[in-house]
Amino acid sequence: MLSCWLTNSLRTIYNYNVGYNICSDIFMQTRNYAARKGTRERKRLKLQKRKVKAVVEKVGFQPVRKIDKSKLKTEVDPRKLIDDSWKSKTIDNVWIAKYHQKPVYSLKEAIQFHRETHHPTMCNKPDAAVIAFIDLNMQRQGKKKYIEKFTKLVKTPYIFRNNDTERKILAFCKNGKGQEDARNAGATEVGGIDLIKRIQNGTLNAKDYNYIVAHSDILTDLLLIRGILKRRFPNLAYGSLSNNMTTVVKRFKYGIMYTILPHSTFKEYGSINVTFGLLDMKMEELEENFSVLIKDIESVKPKSDGSFIERVEIRSELTRESFKIDCQNYLSKTVEEETEEQEQEKDETSVIEMH
C-alpha cells in the first residue's frame, strides 16, 4: 500500500511540473554539453596573462666612457654658436671662452700663431697645412629651400704640395702643340682619336683617371664615347673643356678642391673645410691663395637676404687651435658698396675743399 501511494504521488508531482513548465533541480534531467572549439584554450591563456607580471629590467652601472652622450644631450643648432655678440668683450690676454667673445685676428696674425706652435722646438712641423674652416648660410630665396652638397675646383696662383696633388688627368686634343702643352702641365695620359678608339675597344678604362679634360677641336669626335664617359664628359660649365690645355690641366691637377657640406639636421647651416697653403709658404702667397678661394666661394652665393659666409677660422694640423679672422677685405665688393664708398669720398673731398 505504501509503495503504491508513493509511486502515485511522485507521478502527480512530475506531471504538475512539466505541465506548467517549471524547472526543478530534483526532477529535471541536466546535461553538460562540450564547449565550442577553442573556448577552453582562450580561457586558459587569459588566466595566464593575468598571472604574468611586468618584469622591470634593471640597468646596472655603466662607466662614463661607455655612455652614449648623443642620447643624453639634444643636438644644438650650429648657427647659435656663430653669433657671440651677446657675450662680453675680452679686456685681458686671459679670458674664459664660455663667457667672452672670440677675438678676431687678421690672416697674417692667425698664420703667425700657427707658425709658432708648429716650430721645430714644439710640434716640429713647419710645413703643416693651413686650413680654412668656413661657416655658411645655406638658405636660398624661398621657404625651405637650401643649397645642396656640391664640389668645386678653383685654380690658385701659387701651387703647393698636399695629399690630393697626385691626381690622374686624361687629356684629349687633336693638334700636337695642345698635346705637348697638356703633357708639360702634368697630364697623365694625352692623345687624340687614338685614345677614343682605345676607350671604345676597352683597352683604356676612363674610370682609372680622376678628371677628364679636352680641347674644343676634338669635341665632335668625343661624342662617340659620351655614353661611356657619362657625367664626366668634358663641358664648358664644369671648366673641363677649353682651348688652353695648359690652364685646364693645371686647374684640375693642382687646383684647390672644396666641398660644401650641409648639416644633417639643420639644413640652413653648411661648412667648408679646405686647405689653401702650407705654413712655410710666403705670407703674400698664402694671402693671394686665400683671396682667390674666398672670392670663388662667394661667387656661388644664392639669391637671398643676408650674408653667405658667416664666419672664417684658420686651423692647422696636429693642434686644435682655431683663430677667427676678418675676411671682408678679401671679398669682392658689390656695386652698391662701391657707389657708397665713392659718395663718401666725394663728401670728404668737398668738406676738405670748403675748409
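Residue numbers (our numbering): -15 to 339. Quick reminder that beta carbons are idealized off the backbone N, C-alpha and C, glycines included.
Contact check, residue i vs residue j, beta carbons under 8 Å
{"i": "G176", "j": "K158", "result": "yes"}
{"i": "H98", "j": "S300", "result": "yes"}
{"i": "L277", "j": "I309", "result": "no"}
{"i": "S291", "j": "N185", "result": "no"}
{"i": "I115", "j": "I244", "result": "no"}
{"i": "C107", "j": "L262", "result": "no"}
{"i": "T140", "j": "N273", "result": "yes"}
{"i": "K279", "j": "L315", "result": "yes"}
{"i": "Y89", "j": "F307", "result": "yes"}
{"i": "K136", "j": "Y242", "result": "yes"}
{"i": "E305", "j": "Y142", "result": "no"}
{"i": "I180", "j": "L206", "result": "yes"}
Contact set for residue i: own chain, Cβ-Cβ below 8 Å, skip 5 residues either direction
{"i": "M267", "result": "K92, I95"}
{"i": "I66", "result": "D119, E294, R295"}
{"i": "Q85", "result": "D68, S69, K71, S72, K73, T74"}
{"i": "G170", "result": "I153, V233, K234, K237, Y238"}
{"i": "H103", "result": "P110"}
{"i": "K287", "result": "R124, Q125"}
{"i": "R151", "result": "N194, Y195, F236, K237"}
{"i": "N77", "result": "none"}
{"i": "S275", "result": "Y314"}
{"i": "R24", "result": "none"}
{"i": "K129", "result": "Q123"}
Unbroken beta strand (DSSP E) run spanning residue i, endpoints
{"i": "G261", "result": "253 to 262"}
{"i": "R304", "result": "Per DSSP, R304 belongs to no beta strand (DSSP E) and is neither H nor E."}
7 Å Cβ shell around residue i - same chain, five flanking residues per side excluded
{"i": "E271", "result": "L91"}
{"i": "I6", "result": "Only weak support is given to the placement of I6: the predicted model assigns it a pLDDT of 47, under 50, and the question is left unresolved by the model."}
{"i": "V197", "result": "I153, A155, P218, S224, V232, V233, F236"}
{"i": "I212", "result": "I183, A190"}
{"i": "A113", "result": "N146, T259, L262, S300, E301"}
{"i": "F144", "result": "G261, L262, M265"}
{"i": "A81", "result": "none"}
Cβ shell of residue i (< 6 Å), same chain only, five flanking positions each side left out
{"i": "D61", "result": "F250"}
{"i": "L29", "result": "none"}
{"i": "E59", "result": "T249"}
{"i": "G162", "result": "H199, M229"}
{"i": "V174", "result": "A155, Q163, A166, R167"}
{"i": "R247", "result": "A quick correction: the sequence has His, not Arg, at residue 247. Cβ within range, chain order: Y253."}
{"i": "D201", "result": "K158"}
{"i": "C311", "result": "I278, V296"}
{"i": "Y222", "result": "none"}
{"i": "R210", "result": "F217"}
{"i": "R63", "result": "Y253"}
{"i": "T172", "result": "K152, I153"}
N-terminal and C-terminal residue of the alpha helix (DSSP H) that residue i is part of
{"i": "Q312", "result": "That residue, Q312, is in no alpha helix (DSSP H); it is neither H nor E in DSSP."}
{"i": "F97", "result": "91 to 101"}
{"i": "L203", "result": "203 to 206"}
{"i": "K64", "result": "63 to 66"}
Proximity test, residue i beta-carbon vs the ligand MG heavy atom, cut-off 7 Å
{"i": "I196", "result": "For the ligand MG, the structure offers nothing, since it holds no ligand at all."}
> How about the segment 228 to 239 and the segment 253 to 273: do they share at least three Cβ pairs that are nearer than 8 Å?
Replying inline: no
>> Which runs of the beta strand (DSSP E) at least 3 residues long sit entirely within the segment 212 to 283? Give them in chain order.
In response: 240 to 246, 253 to 262
>> At 3 residues or longer, what runs of the beta strand (DSSP E) sit wholly inside the segment 176 to 201?
In response: 195 to 199
> What runs of the beta strand (DSSP E), each 3 residues or longer, lie entirely inside the segment 105 to 166?
Replying inline: 113 to 121, 134 to 138, 153 to 156
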